[in-house]
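> In the numbering used here, the protein residues as written are 254 to 472.
Provided herewith is a single structure, encoded as structure tokens, for subsequent inquiry.
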């Protein structure tokens, strides 16, 4: 089991931790790009029995970045970037299965979200921070996220509040649409404005004469 934290208790750059996980998974430095990642982490436990990608997914969930493969590399893209493209419906390819819109049931919004993590002052026992939206009449149920990352209480509280807001925004659903190959530069993690709505590319499927995108609402 590995813990990234130095003897002084100082934080490590998030980019360095992600890079080391990539290298332990067998990727050479030219195979990944972490230069856009910002922020720090007080520590992270990664068991030899866990898949490296699981560790990266867990870090991405609480530190708000996406993992995207393009330009021959695995790229780590922070959330919250400006939109890279403005689109309207009249620019989309229209056919029988294009421009599909789905919306998740409001009942999926949890009124309580919890983050279980290792507190820097709490020793070996995990601690919990939570976000409560019980005043939202749409919200039902609870959801718990677990993290092997070491955090202070303020950071953990901020992260779970943001994660809760993101979950509510994503509940608005997805939009699946097609674009001509001239838009081949769009990739997973890119933010666009589609008909004035901020959306994040979640999936890309390239065909012979078009690209099919799945985008989710983003904040």
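Cβ coordinates follow ideal geometry from the N, Cα and C atoms, glycine included.
Given a cut-off of 8 Å, decide if residue 455 and residue 468 are closer than it, judged by their beta-carbon atoms.
yes
> Figure out for me which residue from 447, 419 and 297 has the closest Cα to the Cα of residue 432.
447
> Taking Cβ positions, are residue 400 and residue 311 nearer each other than 8 Å?
Residue 311 is positioned such that its CB atom lies closer than 8 Å to that of residue 400.
> Using DSSP's beta-bridge definition, name the partner residues of residue 296.
Residue pairing by DSSP places residue 296 opposite 403 in a beta bridge.
> Contact defined as beta carbons within less than 8 Å: I believe residue 337 pairs with residue 445. What is the distance between those atoms, to the nearest angstrom?
7 Å
> Per DSSP, what are the beta-bridge partners of residue 318 in this structure?
331
> At the level of alpha carbons, what is the spacing between residue 302 and residue 274?
14 Å
> If you count every other CB in all the chains shown that lies within 10 Å of the CB of residue 344, and 16 or more means buried, which is it?
Flag for residue 344 reads exposed.
> What is the C-beta distance between residue 297 and residue 395, in whole angstroms, given that I count them as a contact (C-beta under 8 Å)?
Contact doesn't hold; Cβ gap of about 26 Å is too wide.
> If you follow the beta strand (DSSP E) that residue 432 is part of, which residue opens it and which one closes it?
427 to 432
> Would you decide whether residue 463 is buried or exposed? Buried here means 16 or more other CB atoms lie within 10 Å of its CB.
buried
> Quick check on residue 417: buried or exposed, where buried means 16 or more other Cβ atoms within 10 Å of its Cβ?
buried
> Closest to residue 437 by CA distance: which of 458, 353 and 419 is it?
Answer by Cα proximity: 458.
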